[in-house]
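Input: a single structure, listed below in structure tokens.
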Amino acid sequence: MRDNVESRVIIPVQNPRKILALAVSVWLCATAPSFGADPAAADSPRGMVVSPEAHASRVGAEVLAEGGTAADAAVAVAFALAVTNPQAGGIGGGGFLLYRDEHGNHTALDFRETAPEGLTPDRFVDESGKPVPGLSLETGLAVGVPGVVAGLAEIHERWGVLPWKRLIEPAIGLARDGFPVYPDLVRAYGSAEKRLRLDERATAIFLPGAGVPLRGRILEQPQLAATLERIARRGRAGFYEGPVAQALVATVQARGGVMELTDLGAYEVVEREPVRGTYRGYRVVSFPPPSSGGIILLQMLAMLERFEMPEGYGASDTIHLMAEIQRRAFADRSKWLGDPDHVDVPVERLLDSAYVASRASTIDRSRATPSSEILPGAPAAEGSDTAHFSVADRSGRAASLTTTLNTSFGSGIVAAGTGIVLNNEMDDFSLAPGVPNVYGLVGGEANAVRPRKRPLSSMTPTIVEYAETGKRPFLVLGSPGGPRIINAVFQVLVNVIDHGMELQEAVNAPRVHHQWIPDLISYEERALPADVRRALRAMGHSLATYERIGNVNAIGADENGHWLGAADPRKGGAATGQP
Ligand code: GLY
258 MRDNVESRVI IPVQNPRKIL ALAVSVWLCA TAPSFGADPA AADSPRGMVV
308 SPEAHASRVG AEVLAEGGTA ADAAVAVAFA LAVTNPQAGG IGGGGFLLYR
358 DEHGNHTALD FRETAPEGLT PDRFVDESGK PVPGLSLETG LAVGVPGVVA
408 GLAEIHERWG VLPWKRLIEP AIGLARDGFP VYPDLVRAYG SAEKRLRLDE
458 RATAIFLPGA GVPLRGRILE QPQLAATLER IARRGRAGFY EGPVAQALVA
508 TVQARGGVME LTDLGAYEVV EREPVRGTYR GYRVVSFPPP SSGGIILLQM
558 LAMLERFEMP EGYGASDTIH LMAEIQRRAF ADRSKWLGDP DHVDVPVERL
608 LDSAYVASRA STIDRSRATP SSEILPGAPA AEGSDTAHFS VADRSGRAAS
658 LTTTLNTSFG SGIVAAGTGI VLNNEMDDFS LAPGVPNVYG LVGGEANAVR
708 PRKRPLSSMT PTIVEYAETG KRPFLVLGSP GGPRIINAVF QVLVNVIDHG
758 MELQEAVNAP RVHHQWIPDL ISYEERALPA DVRRALRAMG HSLATYERIG
808 NVNAIGADEN GHWLGAADPR KGGAATGQP
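FYI, the numbering for the sequence shown is 258 to 836, going by the working numbering.
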């Protein structure tokens, strides 16, 4: 296991005035009666759940009220989301948990999908070495060995106090009795309907009748209810052995995949050492490889800390600086990051303060540097759809948990008779050098397909702590959105810490995104008014609108330990305080 990784970036720009303003505004927000008027926000001195779907948030708050820990609530919310957020939160995918226990210790649990033993790089390319379109997105080859059920069982075993069955019961009820289809679920069909129609079982469950179900229609999933009952009775064996495992493997193989029962039997959750850094006096803890999220987030914060933040959150100077930082960090992502069990990821060197300083020093404050001039750096020595939810409990424990099927409804393949939607996470590998994946990300050898390897992720479950120990965490947050995850988390952090926004305001604020390649700033319509767009173009930036950048479901605590929940209105999530 790796040693703790501390980013040793010196803090040249302390801003006590802003930090004080923030503390006051968060405190005011906790006490002002108007705060609760925002439907996406909630507050509670006891516990808090913020997830992308209201039933799931309520399930979690009830578990907390019954005396469950943040871990118990996280397990219950994850199972509920597997039912009510089938486009993103299913048990046919993988995920990451960053957990904080009551003593302030952090643990990173990796239950990312793995490539089956028989999955070799040649499976995805034609004779000329070019990836065959669609293979990594909508066939059996797209499906990685799911990790969610193993991950949730591990979370429960380590930190749970309520019975396992109790935590799955609400999900079973939601699957059996159904829940009303909500606007974001309708929207998720947009890109996925074609894939779902390739699979008769997916069509029968998710496209009943003529087509995409209307908002308010009750969606029942009786097969998934039976699968969940089996998992409630048998624990992880209910998924990785017996009829569910057999159905999963048979379905994947019938659709051209190479998964075997032995791949399911060999699946292991891995504990990893979180990556840690500081930002303007706060301690930031995030997820290590095989996620790129934590390292890229810490690199970006460390670069930003070297600059005085320009006045104005949406000003062209601010956007330019953020985009230049994003461009440089994402260039490193393309070369250095992958599954640390298969490649040597230079975590310490990527976060080294001298290295980060040298990357930041190439930023021209008045001109965009073309991405073609920003190669991945040489650190010293040698060289959607996803769902995020946050939980916090009365004892200061916190769970920051992101799960994914990759794209909306994953591969669109449902394992026969189980109701389980299977992921298409294998597209997160770099299938050939320089060939972009579904998110436009390019990569190289570090993220090449190998048997039993985990594809590089951008999921960034993060916990920010007050510098002073012993307090409840300052922020618990994360997001879906492929590479946009990292920049969404980055911007919410910066909005709170640098711009002094209240938590809900920081979550709502429109966002921008740069990922090195393609060389452009994508932006939510409201982020860049016409004059800012003109100024950015004059600096040499290309711009393109993007509908929604991330969906950050965040919890914050004020100095008095009062929890504030802020759901992201982009996908209509819900913050539910423990009564
Ligand atoms: N599948 C998106 C991610 O893990 O980054």
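C-beta: ideal position from N, C-alpha, C; glycine also.
| field | Through-space distance from glycine 514 to glycine 325, alpha-carbon basis | value | Residue mapping note: residue 325 aligns to position 68 of the sequence shown, counting from 1. Residue mapping note: residue 514 aligns to position 257 of the sequence shown, counting from 1. Between the alpha carbons of glycine 325 and glycine 514 lies a distance of about 40 Å.
| Start and end residues, beta strand (DSSP E) containing alanine 814 | Reading the sequence shown from its first residue, position 557 is the one you call residue 814. In the DSSP assignment, alanine 814 falls within the beta strand (DSSP E) that extends over 811-814.
| query | Any idea if arginine 616 is buried or exposed, counting beta-carbon neighbours within 10 angstroms, 16 or more meaning buried? | reply | Position 359 of the sequence shown, counted from the first residue, corresponds to residue 616. Label assigned to arginine 616: buried.
| query | In terms of residue numbering, what span does the beta strand (DSSP E) encompassing aspartate 300 cover? | reply | The residue labelled residue 300 in the question sits at position 43 within the sequence shown. Per DSSP, aspartate 300 belongs to the beta strand (DSSP E) from 298-301.
| What's the call for proline 730, buried or exposed, on a 16-neighbour Cβ count within 10 Å? | Counting from 1 along the sequence shown, the entry for residue 730 is found at position 473. Proline 730 should be labelled buried.
| said: Taking the alpha carbon of proline 636 as the reference point, which residue from Thr575, Gly361, Tyr612 has its own alpha carbon closest? | reply: Translated into the one-based positions of the sequence shown, residue 636 becomes position 379. For proline 636, the nearest C-alpha among the options comes from Tyr612.
| said: Suppose the cutoff is 7 Å on Cβ atoms and the five residues either side in sequence are ignored; what does the same chain contact list for serine 623 look like? | reply: Here residue 623 refers to the residue found at position 366 of the sequence shown. Cβ neighbours of serine 623 beyond the five flanking positions: Met796.
| Cβ-heavy atom distance, glutamate 843 to the ligand GLY, below 7 Å | In the structure as shown, the chain begins at 258 and stops at 836. Residue 843 is therefore absent and cannot be evaluated.
| field | For histidine 771, three-class secondary structure by DSSP | value | Start at 1 with the first residue of the sequence shown, and residue 771 comes out as number 514. Residue state, collapsed to three classes: coil.
| request: Going by CA-CA distance only, name the one from Gly408, Gly595, Arg474, Leu471 that's closest to proline 238. | output: No statement about residue 238 is possible, as the shown extent of the chain runs from 258 to 836 and does not include it.
| message | Threshold first: 4 residues or longer. Then list the alpha helix (DSSP H) segments lying entirely within the stretch 784-812, N to C. | response | 787-795, all fully within the stretch 784-812.
| Any non-hydrogen atom of the ligand GLY closer than 7 Å to threonine 661 Cβ | Here the question's residue 661 lines up with position 404 in the sequence shown. Checking every heavy atom of the ligand GLY against the Cβ of threonine 661, one is found closer than 7 Å.
| Using a Cβ-Cβ cut-off of 8 Å (strictly less than) and excluding sequence neighbours within five positions of tryptophan 820, which residues of its own chain qualify? | As a working mapping, residue 820 is identified with position 563 in the sequence shown. Closer than 8 Å at Cβ, skipping near neighbours: Asp300, Ser301, Pro302, Arg303, Gly304, Met305, Ala649, Arg729, Ile812, Gly813, Ala814, Gly834.
| Does the Cβ-Cβ distance between phenylalanine 666 and arginine 472 come in under 8 Å? | Working through the sequence shown from its first residue, we reach residue 666 at position 409. Working through the sequence shown from its first residue, we reach residue 472 at position 215. It is not a contact, given that the beta carbons lie outside the stated cut-off.
| task | Specify whether the stretch 551-562 and the stretch 530-539 touch according to this definition: at least 3 beta carbon pairs, one from each stretch, less than 8 Å apart. | result | Enough Cβ pairs lie closer than 8 Å, so yes.
| request: Drop a sphere of 10 angstroms on the beta-carbon of serine 668, count the other beta-carbons inside from all chains shown, and report buried for 16 or more, exposed for fewer. | output: Numbered from its first residue, the sequence shown carries residue 668 at position 411. By the 10 Å Cβ count, serine 668 comes out buried.
| When the Cα of alanine 655 is compared with those of Leu732, Asn765, Ile743, Leu518, which residue comes out closest? | Taking the sequence shown and counting its residues from 1, the one referred to as residue 655 is at position 398. Out of Leu732, Asn765, Ile743, Leu518, Leu732 has the C-alpha closest to the C-alpha of alanine 655.
| query | Any idea which residues DSSP pairs arginine 433 with across the strands? | reply | One-based indexing of the sequence shown puts residue 433 at position 176. In the DSSP output, where bridge partners are listed per residue, arginine 433 has none listed.
| Distance, Cα to Cα, valine 406 vs arginine 493? | Here residue 406 refers to the residue found at position 149 when the sequence shown is read from its first residue. Here residue 493 refers to the residue found at position 236 when the sequence shown is read from its first residue. Rounded to whole angstroms, valine 406 to arginine 493 spans 6 Å at the Cα level.
| task | Run through the stretch 477-530 for me and flag every whole alpha helix (DSSP H) of 4 or more residues, listed as ranges in chain order. | result | Complete alpha helix (DSSP H) runs here, min 4: 479-491, 494-497, 499-511, 518-522.
| According to the neighbour-count rule (16 or more other Cβ atoms, all chains shown, within 10 Å of its Cβ), is proline 273 buried or exposed? | The residue labelled residue 273 in the question sits at position 16 within the sequence shown. Unreliable positioning characterises proline 273 in this predicted model, as indicated by a pLDDT of 33, which lies under 50. The coordinate reading is nonetheless provided below. In this structure proline 273 is exposed. Its beta-carbon is surrounded by fewer than 16 other beta-carbon atoms within 10 angstroms.
| If you draw a straight line from the alpha carbon of isoleucine 620 to that of phenylalanine 587, how long is it in whole angstroms? | As a first step, residue 620 must be located in the sequence shown, where it is residue number 363. As a first step, residue 587 must be located in the sequence shown, where it is residue number 330. For isoleucine 620 and phenylalanine 587, the distance between alpha carbons rounds to 14 Å.
| alanine 298 to glutamate 530 span [Cα, whole Å] | Within the sequence shown, numbered from 1, the residue matching residue 298 stands at position 41. Within the sequence shown, numbered from 1, the residue matching residue 530 stands at position 273. Going from the Cα of alanine 298 to the Cα of glutamate 530 covers about 32 Å.
| serine 393 Cβ short of 7 Å to the ligand GDP heavy atom set | Summarising the ligand content, the structure contains the ligand GLY and does not contain the ligand GDP.
| task | Sort out for me which residues DSSP pairs serine 543 with in a bridge. | result | Indexing the sequence shown from 1 puts residue 543 at position 286. In the DSSP output, where bridge partners are listed per residue, serine 543 has Val532.
| said: With DSSP as the reference, identify every bridge partner of leucine 734, one or two as the case may be. | reply: What you label residue 734 is simply residue 477 of the sequence shown in a count that begins at 1. According to DSSP, which records beta bridges pairwise, leucine 734 is partnered with Thr719.
| Any non-hydrogen atom of the ligand GLY within 7 Å of methionine 566 CB | On the sequence shown, position 309 is the one that residue 566 refers to. No, the Cβ of methionine 566 stays beyond 7 Å of every heavy atom of the ligand GLY.
| field | Best match in Arg590, Pro627, Gln761 for proximity to arginine 827 [C-alpha to C-alpha] | value | Within the sequence shown, the letter at position 570 stands for residue 827. Looking only at Arg590, Pro627, Gln761, the smallest Cα-Cα distance to arginine 827 is reached by Gln761.
| Helix, strand or coil at histidine 822 according to DSSP, with G and I counted as helix | As a first step, residue 822 is located in the sequence shown; it is residue number 565 there, counting from the start. Just to set this straight, residue 822 is glycine in the shown sequence, not histidine. Looking at glycine 822 - three-state DSSP - the assignment turns out to be strand.
| From glutamate 359 to serine 657, what distance separates their C-alpha atoms? | Walking along the sequence shown from the start, residue 359 turns up at place 102. Walking along the sequence shown from the start, residue 657 turns up at place 400. Cα-Cα distance, rounded: 14 Å.
| Does DSSP put phenylalanine 368 in a helix, a strand or coil? | In the sequence shown, the residue the question calls residue 368 occupies position 111. Phenylalanine 368 falls in the strand class under three-state DSSP.
| request: Decide if the stretch 695-706 is in contact with the stretch 382-389; the criterion is three or more beta carbon pairs, one per stretch, under 8 Å apart. | output: No: the two stretches stay apart, fewer than three of their Cβ pairs being nearer than 8 Å.
| request: For the stretch 304-378, list the beta strand (DSSP E) runs that are entirely contained and at least 3 residues long, ordered along the chain. | output: Runs of the beta strand (DSSP E) inside the stretch 304-378: 305-308, 351-357, 363-368.
| Helix, strand or coil at glycine 839 [DSSP, three-state] | There is no way to answer for residue 839, as the model of the chain reaches only from 258 to 836.
| message | Going by the DSSP bridge assignment, what does arginine 660 pair with across the sheet? | response | The residue labelled residue 660 in the question sits at position 403 within the sequence shown. Note that residue 660 is threonine in the sequence shown here, rather than arginine. According to DSSP, threonine 660 bridges with Gly352, Ala644.
| query | Among Val809, Phe353, Gly375, Thr660, which residue has its Cα nearest to the Cα of arginine 707? | reply | Here residue 707 refers to the residue found at position 450 when the sequence shown is read from its first residue. For the residues Val809, Phe353, Gly375, Thr660, the minimum Cα distance to arginine 707 belongs to Gly375.
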